[in-house]
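Quick notes on the structure that follows.
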Amino acid sequence: MVTVENLHKKFNKNVVLSGIDLNINEGGIFAVLGPNGSGKTTLIKTILGMVIPNKGAITVLGKNIKHNSEYRSKIDYLPQIANFPSNLKVKELIKMIKDLRGNTNEDVRLIKLFNLEPFLNKKLGNLSGGTKQKVNIVLTFMFDSPLIILDEPTTGLDPISLIRLKELIQTEKAKGKTLIITSHIMSFVEEVSDEIVFILEGEIYFKGTINELKTKTNQPDFEHAIASILIDNHA
Amino acid sequence: MLKILKYSFYDLMRSRWSYVYFIFYLLLGVVLLFLNNNLSKAVITLMNVIIVLVPLIGTIFGVMYYYNSKEFTELLLAQPLKRSSIFLGQYLGVALSLSMSLILGLGIPFVFYGLFKSNDIWDFSLLLITGTFLTFIFTALAFNIALSNENKIKGFGYAILLWLFLAVIYDGLFLMSLILFEDYPLDKLSLFGTMLNPIDLSRTLILLKLDISALLGYTGAVFKKFFGTNFGLIVSIIMLSVWVVLPVLRIVYKSNRKDF
């Protein structure tokens, strides 16, 4: 589905990714983990073509993404910080994205699911962080693309919305789609993901299932396994 | 690209500033016509305002729009759109809405004053054409500066400096070099120097069209011989187009290599 070969990226002198090789197979939920500043978001943004790598190649659905923009129609992306044009209304934003990407009727169901009807005529600048994140989720899930990338999807969500989001993720997975998720909430990752990849200082430290990670680190639970990697590498 | 252009254009049309800009030109046109009570004199006064003000507004609006629409841009970058169409669409949206404010704001009072029955229609059209060119040039330069500077304050600073340089400092340096080398024949050099600055080029182009070049002395005669002809006019228009095309090409080049 997505292959990353020997990916290097530095911002000025700050090396963020140094030689990432990654192969993400079709179907299932794939979690990208790592401490703050380890390069998770940069990795995702290079897959989306928003960050241009210094070296390396990325293929999405069998096509090299260099000088290509059409492949993004096969990706639904939920950005980490929901930054929207603040003078647009929620309704107008949804209409605009539909105009740019193609029509869909899924938005009606999603708006109901997240109780966004009272906010449709409000400007995005006046919404709370959690409500913005819900709008963000609606924009991401309203299209039916084979690859879904979620960068910190749980930020600011209340418990009910979090349950709805998990259900939504499971329904998409059941349709045979591939989901790439980053998160710092370990319980969330443990609950939803099939496979994880752990990035440390721009390199892949571990790739496999959660059980494999527990055996490797000799820790009884997932949270401690991750913590032990961090302690071993920073002490 | 057309969809991005449409959204940027509507976005600007809904903002207060395009109306302020439009109303400013409307008032300027009305007041000048009222005070001068003469079309061709109003055109000359207008030229002095346009030559300085249009580049300034184009620069500031361009930089401001780029930084303000950062969120919108990031949203668009994750969609199946080419980078060049995103940025060219935004650029054209800004440049077109500014040009529209200029053309409508000045055009309406002049048309009501009886522009179409007057011989000054060509001078006035030339004024609007150069004004539009200047808008496109300086908006493109502003986008270039904003693309190269992540820091807003720096971006604004460079943009203002650029405007100050081309509108004021360049003339000063030019004049000083003319005084310094006054023993040499300078008409070719000054012609060349004028060509390299879009503000100077526009000013000279309009002044000579208005037939007041006698005020300019010997160099004026050389200029008149060049700019007064169709050849000069065509060369000037080509130069102004080059001033639009080069920064636009750099927008495309730069935006394809930038990280967001």
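Listed in order, the protein sequences are those of chains A and B.
The first sequence begins at 80 in our numbering and counts up one residue at a time.
The second sequence begins at -2 in our numbering and counts up one residue at a time.
Glycine is no exception: its CB is placed at the ideal position from the N, C-alpha and C atoms.
From a predicted model like this one, the values you see are computed outputs, not experimental measurements.
Q.
Strictly under 8 Å for the Cβ-Cβ distance: is A/Pro164 near chain B by that measure?
A. Within the first sequence, numbered from 1, the residue matching residue 164 of chain A stands at position 85. Chain B contact via Cβ: present.
Q: Have a look at A/Ile190 and B/Thr42 and give me their C-alpha separation to the nearest angstrom.
A: To locate residue 190 of chain A, count along the first sequence from 1; it is residue 111. To locate residue 42 of chain B, count along the second sequence from 1; it is residue 45. About 57 Å.
Q. Quick one: Cα of A/Phe301 to Cα of A/Phe285, how far?
A. Translated into the one-based positions of the first sequence, residue 301 of chain A becomes position 222. Translated into the one-based positions of the first sequence, residue 285 of chain A becomes position 206. Cα to Cα, A/Phe301 sits roughly 13 Å from A/Phe285.
Q.
Is there a Cβ of chain B sitting closer than 8 Å to that of A/Glu149, yes or no?
A. Within the first sequence, numbered from 1, the residue matching residue 149 of chain A stands at position 70. With 8 Å as the cut-off, A/Glu149 counts as an interface residue toward chain B.
Q) Where do the N-terminal and C-terminal ends of the beta strand (DSSP E) with B/Gly104 fall, by residue? A) Within the second sequence, residue 104 of chain B is the residue found at index 107, counting from 1. Run containing B/Gly104: none in the beta strand (DSSP E); it sits in the alpha helix (DSSP H), Arg80 to Tyr110.
Q: Using beta-carbon positions only, say whether A/Asn200 and A/Lys170 come within less than 8 Å of one another.
A: Residue mapping note: residue 200 of chain A aligns to position 121 of the first sequence, counting from 1. Residue mapping note: residue 170 of chain A aligns to position 91 of the first sequence, counting from 1. In contact: A/Asn200 and A/Lys170 (Cβ atoms closer than 8 Å).
Q) Do we get a CB-CB distance below 8 Å when we pair B/Ala75 with the residues of chain A? A) Counting from 1 along the second sequence, the entry for residue 75 of chain B is found at position 78. So, interface residue.
Q | Span of the beta strand (DSSP E), counted from its first residue to its last, around A/Asn102 | A | The sequence position of residue 102 of chain A within the first sequence is 23, counting from 1. Asn93 to Ile103 is the extent of the beta strand (DSSP E) around A/Asn102.
Q | Closest Cα partner of B/Trp160 within the set B/Glu71, B/Ala137, B/Lys79 and B/Phe69 | A | Your numbering for residue 160 of chain B matches position 163 in the second sequence. Of the candidates B/Glu71, B/Ala137, B/Lys79 and B/Phe69, the one whose C-alpha sits nearest the C-alpha of B/Trp160 is B/Ala137.
Q: Please classify B/Asn141: is it buried, with 16 or more other beta-carbons within 10 angstroms of its beta-carbon, or exposed?
A: Within the second sequence, the letter at position 144 stands for residue 141 of chain B. Looking at its Cβ environment, which holds 16 or more other Cβ atoms inside 10 Å, B/Asn141 is buried.
Q: Return the first residue and the last residue of the beta strand (DSSP E) that B/Ala75 is part of.
A: Sequence index remark: in the second sequence, residue 75 of chain B carries index 78 (1-based). From DSSP, B/Ala75 is part of no beta strand (DSSP E); its letter is neither H nor E.
**Q.** Length of the line joining the Cα atoms of B/Val49 and B/Ala164
**A.** Along the second sequence, read from residue 1 onward, the residue named residue 49 of chain B stands at position 52. Along the second sequence, read from residue 1 onward, the residue named residue 164 of chain B stands at position 167. For B/Val49 and B/Ala164, the distance between alpha carbons rounds to 6 Å.
Q: Have a look at B/Asn194 and B/Tyr18 and give me their C-alpha separation to the nearest angstrom.
A: Translated into positions along the second sequence, residue 194 of chain B becomes position 197. Translated into positions along the second sequence, residue 18 of chain B becomes position 21. If you take the alpha carbons of B/Asn194 and B/Tyr18, they lie about 25 Å apart.
Q: Would you list, in chain order, the members of the region 3 to 18 of chain B that have their beta-carbon closer than 8 Å to a beta-carbon of chain A?
A: Tyr4, Asp8, Arg11 and Ser12
Q: Please specify which runs of the alpha helix (DSSP H), each continuous and at least 4 residues long, are wholly inside the region 228 to 260 of chain A, giving them in chain order.
A: 238 to 253
Q. If you draw a straight line from the C-alpha of A/Ile103 to the C-alpha of B/Gly128, how long is it?
A. Counting from one through the first sequence, the residue named residue 103 of chain A turns up at place 24. Counting from one through the second sequence, the residue named residue 128 of chain B turns up at place 131. If I take the Cα positions, the gap works out to 54 Å.
Q: Whole angstroms is fine: what's the gap from B/Glu68's alpha carbon to A/Asn162's?
A: Position 71 of the second sequence, counted from the first residue, corresponds to residue 68 of chain B. Position 83 of the first sequence, counted from the first residue, corresponds to residue 162 of chain A. So the two alpha carbons sit approximately 5 Å from each other.
Q) Do the region 256 to 274 of chain A and the region 232 to 240 of chain A make contact, defined as three or more Cβ pairs closer than 8 Å? A) yes
Q.
Can you list, in chain order, the residues of its chain with a C-beta nearer than 6 Å to that of B/Ile118? Leave out the 5 residues immediately preceding and following it.
A. For the purposes of this step, residue 118 of chain B is taken as residue 121 along the second sequence, with counting starting at 1. The residues are Leu112.
Q: Could you spell out where the alpha helix (DSSP H) holding A/Lys211 opens and where it closes?
A: Residue mapping note: residue 211 of chain A aligns to position 132 of the first sequence, counting from 1. Residues Gly208 to Phe220.
**Q.** B/Ser145 burial status per 10 Å Cβ neighbour count (16 or more: buried)
**A.** Locating residue 145 of chain B in the second sequence gives position 148, where the first residue counts as 1. Result: exposed.
(Q) List, in chain order, every chain B residue whose beta-carbon is nearer than 8 Å to that of A/Asp178. (A) Residue numbering aside, residue 178 of chain A sits at position 99 when the first sequence is read from its first letter. In chain order: Lys0.
Q. How many whole angstroms separate the CB atoms of A/Ile216 and A/Asp155, which I take to be in contact at a CB cut-off of 8 Å?
A. Counting from one through the first sequence, the residue named residue 216 of chain A turns up at place 137. Counting from one through the first sequence, the residue named residue 155 of chain A turns up at place 76. 10 Å between Cβ atoms; not a contact.
(Q) So if I threshold CB-CB distances at 8 Å, which residues from the region 220 to 242 of chain A count as touching chain B? (A) none
Q.
Which of the three DSSP states is assigned to A/Gly107 in this structure?
A. For this step, residue 107 of chain A is matched to residue 28 along the first sequence. Strand.
Q: Can you grab the Cα-Cα spacing for the pair B/Phe121 / B/Gly102, in whole Å?
A: Within the second sequence, residue 121 of chain B is the residue found at index 124, counting from 1. Within the second sequence, residue 102 of chain B is the residue found at index 105, counting from 1. Roughly 13 Å separates the two Cα atoms.
**Q.** Three-state secondary structure assigned by DSSP to A/Glu171
**A.** Indexing the first sequence from 1 puts residue 171 of chain A at position 92. Here A/Glu171 sits in helix by DSSP.
Q.
What does the alpha-carbon distance come out to for the pair A/Gly107 and A/Lys153?
A. Locating residue 107 of chain A in the first sequence gives position 28, where the first residue counts as 1. Locating residue 153 of chain A in the first sequence gives position 74, where the first residue counts as 1. Those two C-alpha atoms are separated by around 16 Å.
Q | Coil, strand or helix - B/Phe121 by DSSP | A | For the purposes of this step, residue 121 of chain B is identified with residue 124 of the second sequence, where counting begins at 1. Looking at B/Phe121 - three-state DSSP - the assignment turns out to be helix.
Q: Determine the chain B residues that contact A/Val130 at a beta-carbon separation under 8 Å, and present them in chain order.
A: Counting from one through the first sequence, the residue named residue 130 of chain A turns up at place 51. The answer, in chain order, is Asp256 and Phe257.
Q) Going by C-alpha distance, which of A/Leu96, A/Leu203, A/Lys174 and A/Ser272 is nearest A/Leu167? A) Reading the first sequence from its first residue, position 88 is the one you call residue 167 of chain A. That would be A/Leu203, whose Cα lies nearest to the Cα of A/Leu167.
Q) Using 8 Å as the limit for Cβ to Cβ distance, is A/Ser97 near chain B? A) Position 18 of the first sequence, counted from the start, is the residue given in the question as residue 97 of chain A. No, A/Ser97 does not count as interfacial toward chain B.
**Q.** Option nearest B/Leu74 by Cα separation, candidates A/Gln159, A/Ala306 and A/Ser148
**A.** Position 77 of the second sequence, counted from the first residue, corresponds to residue 74 of chain B. For B/Leu74, the nearest C-alpha among the options comes from A/Ser148.
Q.
Tell me the residue span of the beta strand (DSSP E) that contains B/Thr226.
A. Here residue 226 of chain B refers to the residue found at position 229 when the second sequence is read from its first residue. First-last for B/Thr226: undefined, no H or E at that position.
Q: Could you have a look at A/Glu155 and say whether DSSP puts it in helix, strand or coil?
A: On the first sequence, position 76 is the one that residue 155 of chain A refers to. The displayed chain sequence assigns Asp, not Glu, to residue 155 of chain A. Note: A/Asp155 maps to strand in three-state DSSP.
Q: Mind listing the chain A neighbours of B/Phe289? Cutoff is C-beta to C-beta under 7 Å, in chain order.
A: Residue numbering for chain B in the displayed model covers -2 to 257; residue 289 of chain B lies beyond these limits and cannot be assessed.
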